[in-house]
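Novice: Take the sequence shown: its letters are residues 186 to 321, numbered as in the numbering used here. Mind looking over this structure? Questions follow.
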Amino acid sequence: MNLNHQDIAVSILRIALGINIFLHGVVRFGANYSKFITWITDTFKDAPLPQWSVVAFAYAIPPLEAAIGLLLILGLFTFPTLIAGLAVMIMLMAGSCLIQNWDFVGIQMIYILLYSVVLFFLNYNHYSIDVIVRKR
186 MNLNHQDIAV SILRIALGIN IFLHGVVRFG ANYSKFITWI TDTFKDAPLP
236 QWSVVAFAYA IPPLEAAIGL LLILGLFTFP TLIAGLAVMI MLMAGSCLIQ
286 NWDFVGIQMI YILLYSVVLF FLNYNHYSID VIVRKR
């Protein structure tokens with residue numbers, strides 16, 4: 186395998202996105218978990234969504250972020266992990282649109298763009314566990 190800038194760039198972006206998302210999830214555990222759930226439910230209290238769905242999604246976000254982030258850092262199951270990350274971000278963005286929080290939407294669109302860029306250039310994802318496993 187030749188060392189080239191596309192491979193390095195995609196790997197660095199994948200790992201950086203993974204660290205960001207992983208730490209989003211991890212820091213919300215422990216004492217911060219209930220604070221996060223309260224913040225989400227308060228933020229989306231006026232959304233035209235069933236309260237149970239907001240609460241359920243709020244509880245799911247930190248473990249999803251931690252798992253998605255860790256898998257991206259490792260480069261393991263990268264394709265389905267990117268799809269899962271995009272799905273979570275699209276759901277968050279849709280919710281933010283429903284409450285007309287356009288600042289949140291803008292930030293979430295940046296994450297969607299980053300996930301999409303890594304997905305688009307996934308054929309350059311040569312520094313990952315996925316590649317090691319494929320070679321065996």
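In this text, a Cβ means the ideal position worked out from N, Cα and C, and glycines have one as well. Predicted model only: the values in this text are computed from it and were never measured.
#1: With the cut-off set at 8 Å, would you say residue 199 and residue 318 are in Cβ contact?
#2: Quick check on DSSP: helix, strand or coil for residue 188?
#3: Which residue wins for smallest C-alpha separation from residue 274, given the options 222, 228, 240 and 294?
#4: With residue 264 as the anchor, note down where its alpha helix (DSSP H) starts and where it stops.
#5: DSSP three-state label for residue 319, please.
#6: Enumerate in chain order the residues of its own chain whose CB-to-CB distance from residue 225 is below 6 Å, with the five nearest sequence positions on each side excluded.
#7: Assess contact between the stretch 298-313 and the stretch 260-277, defined as three or more Cβ pairs (one per stretch) separated by less than 8 Å. Is contact present?
#8: Between the alpha carbons of residue 212 and residue 289, how many angstroms are there, rounded?
#9: Taking the CB atoms as reference points, tell me whether residue 188 and residue 232 lie closer together than 8 Å.
#10: Apart from the five residues on each side of it in sequence, which residues of its chain come closer than 6 Å, Cβ to Cβ, to residue 260?
Specialist: Straight from the coordinates:
#1: Cβ distance not < 8 Å, so residue 199 and residue 318 don't count as in contact.
#2: Coil.
#3: The candidate whose alpha carbon is nearest that of residue 274 is 294.
#4: It spans 263-283 - the alpha helix (DSSP H) in which residue 264 sits, taken as one unbroken run.
#5: In the structure shown, residue 319 sits in a helix (DSSP, three-state: H, G or I).
#6: The residues are 243.
#7: Contact between the stretch 298-313 and the stretch 260-277 is present, because at least three Cβ pairs lie under 8 Å.
#8: So the two alpha carbons sit approximately 19 Å from each other.
#9: Going by C-beta atoms, residue 188 is not nearer than 8 Å to residue 232.
#10: If we look at residue 260 and ignore the five residues flanking it on each side, its Cβ neighbours are 313, 314 and 315.
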